[in-house]
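Numbering (the working numbering), first residue to last: 51 to 711. This report refers to the structure that appears directly beneath it.
So this is what it looks like as C-alpha cells:
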C-alpha cells in the first residue's frame, strides 16, 4: 500500500546563520568555472528563497555538478560570488559547513560498505559534533520517516539502491542543515524509492522551511521544484517556475490521432513541425508562424485521415525542447531525412526473443530470478527498473556475454546456450557507455566494428555511408570520437551496433546523460529501424517518458518481472486500482496539504501544486473546491491528469511486496 504521509520530523533546521533569514536565502552572481581553458560554468546567476526547492535541470556535462560543488565549498569558482544568508561562501567556506548538507552524486559513494545504517548516522553526527540528546532524537526520527528502522543494523553493502539513497540522505540531515544541496539524488533508483524520497523532501519543506538546491535529469522531478533553471553547456538557457516555463514555450501543442501514422509523422516533420511519437498518436508542436488549425489540411494533403485532434498546454518537456531547439538552431535532422533502408537478410520466423526460466546467481546473490518473456519480430520491447534489478544481466545473458545459472531461451530461433556464435551475427549490442574508442576517429570506430562482425569490404562501404547519413555524421568521418558532442557519440554507438545489419538490437540505457533534443532524435531513429526495417529492439531505460515509446514493457524488480504489457494497459490497470490523479493549484499549497491530507492519504506535494489520487474524481473535485473555499484558500485550478508510468510501476511493486508479506 502507498503509505500516508510521514509524521513530522523532530529536528529543527539551523537557520540562525549570520543575520536573520533574508529573501533571498541564497544568491549566485555571475558564477564561472574554468578547467584548463574549458569553461564549464559560464557566468550564471540565480537566487533561492528560504523554504524553496530550486532545481538545476540538464544533461551530463551541462555544469550541474560543478555548480553544486561550488555552492558547498568543494570547488572554488574562477569568478563570481555565492552568498548564503549574507555570508560569502567563496571567502569563508568553513564558516558555512555546519549549516550546509551536501549529498554527492552516485549511489552509495558517500557510504562505507562495512558500517551499519546506525553506525553511519553516528559517524556523521560525530563529524558535525551533534550533541548526544539531539543526535538520539534526530536519528530515531530519520530512521522512522525513511522506513530504515528495521534495517538499522544492516551493513551498507547489503542495502538496495533505494535504501542506500535514503541512508545517504539521513547522513546529510543528521546535523539539521539549513541549506540542502543534492546532486542528482535519485539517479538509478526505482520509482518507489524516488517517491519516498520526495515525500521526505516535502516534509522537510513543510515542517522546517529547509532550503533545497538539487540537480536532476528527470523532467518529472523538475515539476516538483518551485523554480527551475535549465542548464545547457554551462549556461542557464531558461529559468522560472514550471508554469512560467510552460507558458514560454513557442508554438501551439496538440495530440493528433491519424492514419497512416508514419506517413503523417514524416510529412509534418518535413514542414518543420516538432513531432513526438506515441504508440497510437502523435504529439505535435507547430513551428513559428504556423497555426494548429492547418493540421487537418496538412494530413489530407498526404492522403491521411484525422481521427482525433486535441489542443493542449505544453508540458515541461515540450517547453524545454522549445528552448533547446532555439538554442541549437533547430533540430539537426528530422526523421523524414533519414536514408532509405538497405537490403538485408529476411527476418526469422517466430518470435525474435523467447526466454524461459532465466536465472543468474553471483556467489549466492540472485540477480535474475526465473524470468519468462517473449519479444515479437519488429517489436520495441522495454525493460524498466532500477539499478540492480537485473536488466543489464539479462541483456548480457541474451548476448552470450555471460551464461545463465538456470533456464534458457532462443534468439532468432537459435539456442542461447548451444548456438551463441550463430546468434552473434544476428544481434547488435549498445552498452551503457556507448562502447566507443574515444582516441579513434568516427570512421575508424565503424571499421573496427565491421571487422569484429566480419563484414566484407564492399558491404561495409555501403553500410558506412548509410550509417553516416543516419547518424548525421557526414563530413565528420575523420573527427576523433572523444571530440564529438555526447548526442553524436550516442548515434555513432548506435551505428556501430548496426554495421552488420542485425535482426535484433539490444540497447542498455542508450540515452543516459544526453539532452532532450538528442534523446528525441535518437528515438526517431529507433522508431524508423523498428517500423521500416523490421529490427527488433530490446531497450532498458530509467526514463519513464521514454518507456512510453515501447510497444510493450516489462517492469523488472529484484530480478523478477512483476508486470508485462503495453504502456496503455499497465496504466489502465493502475487507474482501475488507484483512481485518477487530480492536480491542484492554489494560493497556499502547504495550508491545502494540511487541510486535505487527513481525507486523502495519496496526496503529494509537487512544488507549488498538489497531486491527489481520487477513486471518484467527479465527486472529489467539487468537494475539494468547497473545502478550500470554506477555509479561505483561493483555488487557482483543479484538473484531472492521466496516470503516469511511474504510478503504474509503484503500484505493481507495492502489490508484489504485499503478496510476499
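Where is the CB? At the ideal position from N, CA and C, for every residue including glycine.
Local Cβ density within 10 Å of residue i, reported as buried at 16 or more and exposed below that
| i | result |
| --- | --- |
| residue 135 | buried |
| residue 296 | buried |
| residue 85 | exposed |
| residue 183 | exposed |
| residue 618 | exposed |
| residue 447 | buried |
| residue 502 | exposed |
| residue 639 | buried |
| residue 570 | buried |
| residue 453 | exposed |
| residue 234 | buried |
| residue 37 | Here the chain comprises residues numbered 51 to 711, so residue 37 is not present and cannot be evaluated. |
| residue 364 | buried |
| residue 686 | exposed |
| residue 381 | Unreliable positioning characterises residue 381 in this predicted model, as indicated by a pLDDT of 46, which lies under 50. The coordinate reading is nonetheless provided below. When all chains shown are included, residue 381 counts as buried. |
| residue 216 | buried |
| residue 495 | buried |
Contact under 8 Å by Cβ, residue i with residue j
| i | j | result |
| --- | --- | --- |
| residue 261 | residue 218 | no |
| residue 628 | residue 643 | no |
| residue 126 | residue 170 | no |
| residue 346 | residue 301 | no |
| residue 133 | residue 179 | no |
| residue 634 | residue 109 | no |
| residue 458 | residue 406 | yes |
| residue 596 | residue 624 | no |
| residue 91 | residue 374 | no |
| residue 590 | residue 558 | yes |
| residue 435 | residue 593 | no |
| residue 544 | residue 534 | no |
| residue 366 | residue 273 | yes |
| residue 700 | residue 688 | no |
| residue 652 | residue 419 | no |
| residue 151 | residue 227 | yes |
Cut-off 7 Å between Cβ atoms - residues of its own chain near residue i, not counting five sequence neighbours on either side
| i | result |
| --- | --- |
| residue 449 | 477, 479, 556 |
| residue 702 | 605, 612, 613 |
| residue 532 | 488, 489 |
Chain-order list of residues whose beta-carbon lies under 8 Å from that of residue i (same chain, five-residue window excluded)
| i | result |
| --- | --- |
| residue 112 | 281, 282, 283, 284, 565 |
| residue 304 | 333, 334, 342, 345, 359, 360, 361, 362 |
| residue 202 | 166, 167, 168, 193 |
Collapsed DSSP secondary structure at residue i in the structure displayed
| i | result |
| --- | --- |
| residue 375 | helix |
| residue 351 | helix |
| residue 637 | coil |
| residue 417 | strand |
| residue 629 | coil |
| residue 226 | coil |
| residue 282 | strand |
| residue 545 | helix |
| residue 289 | strand |
| residue 336 | coil |
| residue 297 | helix |
| residue 262 | strand |
| residue 325 | strand |
| residue 537 | helix |
| residue 204 | coil |
| residue 593 | coil |
| residue 498 | helix |
| residue 698 | helix |
| residue 314 | helix |
Residue(s) in a DSSP beta bridge with residue i
| i | result |
| --- | --- |
| residue 556 | 479, 588 |
| residue 92 | 82 |
| residue 465 | 460 |
| residue 362 | 303 |
| residue 610 | 607 |
| residue 138 | 133 |
Close beta carbons around residue i, own chain, < 6 Å, minus the five adjacent residues each side
| i | result |
| --- | --- |
| residue 185 | 175 |
| residue 199 | 193 |
| residue 128 | 82, 83, 84 |
| residue 493 | 527 |
| residue 103 | 262, 275, 276 |
| residue 411 | 455 |
| residue 225 | 178, 180 |
| residue 691 | 631, 633 |
| residue 254 | 260 |
| residue 97 | 74, 77 |
| residue 641 | 683 |
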